[in-house]
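S.K.:
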Amino acid sequence: CVASLDADFVVHLGDLTEENAARPQQPASRLRACEQFEQLGIRPYHVAGNMDIGDKPDATMFTEWVTSEALNLYHKQFGQSWYSFDHQAIHFIVLNSQIMNGLLPEAKAQQTWLEADLSAHEGQRMVMFMHMPPFFVEEAEPDTGFYNSINEPTRSGLTALMRQYQVECLFTGHTHFRTFNRVDDTRFYVAPSTTTSRAGFYEAFTRVMLAPTCWRTSISSTRRFSGMNSNPAYALTRNTVPMVNTPDLKK
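Terminal number for the sequence shown in the numbering used here: 356, no gaps in between.
Okay, here's the thing in structure tokens:
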């Protein structure tokens with residue numbers, strides 16, 4: 106249990122419940138989730154997820170996009186969905202990935218705030234949190250119709266800011282699938298779900314790049330798509346199965 110870790114703080118990366126934001130029972134379900142945190146003595150920093158406020162603005166998404174009503178309800182319960190805090194000389198930034206590229210005025214307000222916040226803390230160690238990854242395998246991967254990542258042009262703008270201000274780490278969720286990648290020097294982690302897994306992710310296993318050096322994982326019953334070295338390089342591992350190294354399948 107997270108409560109037993111004696112951590113300085115806890116960040117919940119979004120999707121408090123299985124009920125999406127358009128369902129009338131979602132607010133009550135979210136309250137029950139928060140009650141469980143209270144019972145465990147946990148007061149996490151919250152990150153807004155698609156099941157909390159709605160899907161990204163993409164016509165192919167299967168649930169409703171973020172609405173002003175859903176966003177206002179979330180802000181009323183949890184406070185602003187983009188914010189920052191400091192702990193032990195590290196600056197932590199929480200972003201709302203679900204409104205990025207959208208038409209809500211909050212999308213522009215968040216972008217303006219982010220640029221100012223990064224500039225004000227330039228040179229300081231910085232860590233980011235948001236629900237949806239900017240990309241899943243590669244920065245140039247598709248966006249429209251692709252459930253697992255942020256669409257352009259915000260994706261490129263965000264990774265450019267991460268490079269410019271040398272953000273140390275980025276932590277995301279959403280995919281229910283554990284991955285590690287890099288944006289140049291920024292370490293980029295996607296945390297798995299603690300409750301459910303998702304099938305698919307063919308895009309992670311159809312192009313495997315050769316890596317000069319590699320390492321393996323021995324996490325039981327877990328498949329992992331791992332980034333290694335200073336430049337992005339990918340490899341498959343599964344429990345005690347040897348590392349798979351194959352040529353670029355697109356060549």
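Built from N, CA and C at the ideal position, the CB exists for glycine as well. Note that the structure is predicted; figures quoted are calculated from it, not measured.
#1: In terms of alpha-carbon separation, which member of Ala-164, Ala-108, Asn-125 lies closest to Glu-143?
#2: So Ser-189 and Phe-197 are in contact, right, with Cβ under 8 Å, and what is the actual spacing, rounded?
#3: So who's on the other strand from Met-233, going by DSSP bridges?
#4: Let me confirm a value: Gln-215 is counted as buried when at least 16 other C-beta atoms fall within 10 Å, else exposed. Which label applies?
#5: In whole angstroms, what is the alpha-carbon distance linking Phe-282 and Asn-253?
#6: What residue range does the alpha helix (DSSP H) around Tyr-179 cover?
#7: At which residues does the alpha helix (DSSP H) containing Ser-56 begin and terminate?
#8: Taking Cβ positions, are Arg-303 and Thr-280 nearer each other than 8 Å?
#9: Hey, could you find the ends of the beta strand (DSSP E) Asn-286 is sitting in?
#10: Please state if the CB of Leu-145 and the CB of Ala-296 are separated by a distance shorter than 8 Å.
#11: For Gln-203 versus Met-233, is the C-beta spacing smaller than 8 Å?
#12: Given a cut-off of 8 Å on the beta-carbon distance, is the pair Val-242 and Arg-268 in contact?
#13: Please identify the residue among Leu-121, Ile-158, Gly-154, Arg-128 whose C-alpha is closest to the C-alpha of Glu-140.
#14: Under DSSP, the alpha helix (DSSP H) around Thr-299 begins and ends at which residues?
M.R.: With the structure as the only source:
#1: Ala-108
#2: 6 Å
#3: Ile-198, Leu-275
#4: It is buried - the Cβ of Gln-215 has at least 16 other Cβ atoms within 10 Å.
#5: 10 Å
#6: 173-183 is the extent of the alpha helix (DSSP H) around Tyr-179.
#7: Because the chain here runs from 106 to 356, residue 56 falls outside it and cannot be looked at.
#8: yes
#9: That run of the beta strand (DSSP E) goes 284-288.
#10: no
#11: Cβ distance not < 8 Å, so Gln-203 and Met-233 don't count as in contact.
#12: No, the pair does not count as a contact, with Cβ atoms beyond the cut-off.
#13: Checked all of Leu-121, Ile-158, Gly-154, Arg-128; the closest Cα to Glu-140 is Leu-121.
#14: According to the DSSP assignment, Thr-299 belongs to no alpha helix (DSSP H), since it is labelled neither H nor E.
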